[in-house]
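Let me begin by presenting the structure, written as structure tokens, before commenting on it.
Residue numbers (the working numbering): 393 to 693.
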């Protein structure tokens, strides 16, 4: 079998740049993973999509941060990555007829790893932004937005209105759109209103932030609303603050800028949506209907 495409690309990339050390994280120190529907996902091979792959590609490397249930997280044995993302990678692998192992890495190392060729595909709830589209290719897979996790009873009366967070300890995960775009914008809103600055707390993972929240070290945590609601229902100890989603937008897979793989993954996503596999994965992981996209929303070109 030929080497994975990312292995070849990385050798060339290291001649010009020093790749970020992603370091595969160990199993997260978090509450025991929940029992889930273990129904296997099966998608038919799609010759039209597979024909769009570059010649000779037999395996690809995908990567995710396995700390964002129900998107991706470790099973009860803390060894296997499961969740929506893992099932969708399986479906993409079956559709394209190539192996796509799913590796683990810290969130803020993933995009640099794709850009330098260490990985072929980044699979997580990456928010589609103009800044990201200027640096990477994005293949959309769903819709969502940001919410705020707060302590039970919401003692600080936080909502998704940034002025309710002024002077409070608010967190986000490093490298996320919440940390890069939303928190700075909220700081500007507090300053413009003459309110005290938000005390920003950035964590390596969402699970570490939620642990800080439940232990009283922060007042609120910005993350995807789907993930917050899932974790709150599963483990308790916090709840979703009231208000409309912040930055309602699309979620996408990430590939290197102008990647030769992008057309194949766009076609594979279209096939998965059209043959019902997409709906099956969404249903398995209790995604709301509002999170689903149509074929016409896949491409960001």
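Virtual Cβ for every residue (Gly too), placed ideally from N, Cα, C.
These numbers were taken from a predicted model, which means no experiment stands behind them.
For this session: Say whether chain D places a C-beta atom closer than 8 Å to the C-beta of residue 670.
Result: Absent from the structure is chain D; it holds one protein chain and no more.
Exercise. At which residue ranges does the stretch 484 to 512 contain complete beta strand (DSSP E) runs of 3 or more residues, listed in the order of the chain?
Worked result: 494 to 496
Exercise. So what's residue 556 in DSSP terms, helix, strand or just coil?
Worked result: Taking the chain shown and counting its residues from 1, the one referred to as residue 556 is at position 164. It is helical.
Exercise. With DSSP run on the structure shown, which of helix, strand or coil describes residue 687?
Worked result: Taking the chain shown and counting its residues from 1, the one referred to as residue 687 is at position 295. The answer is helix: DSSP assigns residue 687 an H, G or I state.
For this session: Out of 437, 691, 638, 644, point me to the one whose CA is closest to residue 539's CA.
Result: Residue 539 sits at position 147 when you count from the first residue of the chain shown. The shortest C-alpha separation from residue 539 is found at 638.
Exercise. Should residue 479 go down as buried or exposed, given a rule of 16 or more other Cβ atoms within 10 Å for buried?
Worked result: On the chain shown, position 87 is the one that residue 479 refers to. Flag for residue 479 reads buried.
Exercise. Around the Cβ of residue 623, are there at least 16 other Cβ atoms within 10 angstroms (buried) or fewer (exposed)?
Worked result: Counting from one through the chain shown, the residue named residue 623 turns up at place 231. By the neighbour-count rule (16 or more Cβ atoms within 10 Å), residue 623 is buried.
Exercise. How many angstroms separate the CA atom of residue 462 from the CA atom of residue 489?
Worked result: Mapped onto the chain shown, residue 462 falls at position 70. Mapped onto the chain shown, residue 489 falls at position 97. The alpha-carbon atoms of residue 462 and residue 489 are separated by roughly 26 Å.
Exercise. Between residue 627 and residue 605, what straight-line distance do the alpha-carbon atoms span, to the nearest angstrom?
Worked result: Locating residue 627 in the chain shown gives position 235, where the first residue counts as 1. Locating residue 605 in the chain shown gives position 213, where the first residue counts as 1. Cα to Cα, the separation comes out at about 13 Å.
For this session: Locate the alpha helix (DSSP H) running through residue 601, then write down its first and last residues.
Result: Position 209 of the chain shown, counting from 1, holds the residue named residue 601. It spans 598 to 606 - the alpha helix (DSSP H) in which residue 601 sits, taken as one unbroken run.
Exercise. Among 580, 464, 513, 528, which residue has its Cα nearest to the Cα of residue 618?
Worked result: Locating residue 618 in the chain shown gives position 226, where the first residue counts as 1. Out of 580, 464, 513, 528, 464 has the C-alpha closest to the C-alpha of residue 618.
Exercise. Within 10 angstroms of its Cβ, does residue 510 collect 16 or more other Cβ (buried), or is it exposed?
Worked result: Here residue 510 corresponds to residue number 118 of the chain shown, with the count starting at 1. Answer is buried; the Cβ neighbour count reaches 16.
Problem set entry | Residue from 557, 584, 537 whose Cα sits closest to the Cα of residue 575 | Within the chain shown, the letter at position 183 stands for residue 575. The candidate whose alpha carbon is nearest that of residue 575 is 557.
Exercise. Using CA coordinates, which residue listed in 477, 469, 470, 473 is at the minimum distance from residue 677?
Worked result: Start at 1 with the first residue of the chain shown, and residue 677 comes out as number 285. That would be 477, whose Cα lies nearest to the Cα of residue 677.
Problem set entry | Simplified DSSP assignment, three categories, for residue 665 | Locating residue 665 in the chain shown gives position 273, counting from the first residue. In the structure shown, residue 665 sits in a helix (DSSP, three-state: H, G or I).
Exercise. Any idea what DSSP makes of residue 641, helix, strand or coil?
Worked result: Here residue 641 corresponds to residue number 249 of the chain shown, with the count starting at 1. Note: residue 641 maps to strand in three-state DSSP.
Exercise. Under the three-state reduction of DSSP, which class applies to residue 473: helix, strand or coil?
Worked result: Here residue 473 refers to the residue found at position 81 when the chain shown is read from its first residue. Residue 473: strand per DSSP, three-state reduction.
Problem set entry | Limits of the unbroken alpha helix (DSSP H) element including residue 580 | In the chain shown, the residue the question calls residue 580 occupies position 188. Looking at the DSSP string, the run of the alpha helix (DSSP H) that includes residue 580 is 575 to 584.
Exercise. Buried or exposed: where does residue 434 fall if 16 or more other Cβ atoms within 10 Å of its Cβ makes it buried?
Worked result: As a working mapping, residue 434 is identified with position 42 in the chain shown. Flag for residue 434 reads exposed.
For this session: Whole angstroms is fine: what's the gap from residue 449's alpha carbon to residue 662's?
Result: Position 57 of the chain shown, counted from the start, is the residue given in the question as residue 449. Position 270 of the chain shown, counted from the start, is the residue given in the question as residue 662. Rounded to whole angstroms, residue 449 to residue 662 spans 20 Å at the Cα level.
For this session: Return helix, strand or coil for residue 467, following the three-state DSSP convention.
Result: Residue numbering aside, residue 467 sits at position 75 when the chain shown is read from its first letter. Three-state DSSP puts residue 467 in coil, outside helix and strand.
Exercise. What's the C-alpha gap between residue 686 and residue 468?
Worked result: Against the chain shown, residue 686 aligns to sequence position 294. Against the chain shown, residue 468 aligns to sequence position 76. Going from the Cα of residue 686 to the Cα of residue 468 covers about 33 Å.
Exercise. Among all the DSSP beta bridges, which residues are the ones paired with residue 562?
Worked result: Locating residue 562 in the chain shown gives position 170, where the first residue counts as 1. 592, 612, per the DSSP bridge assignment.
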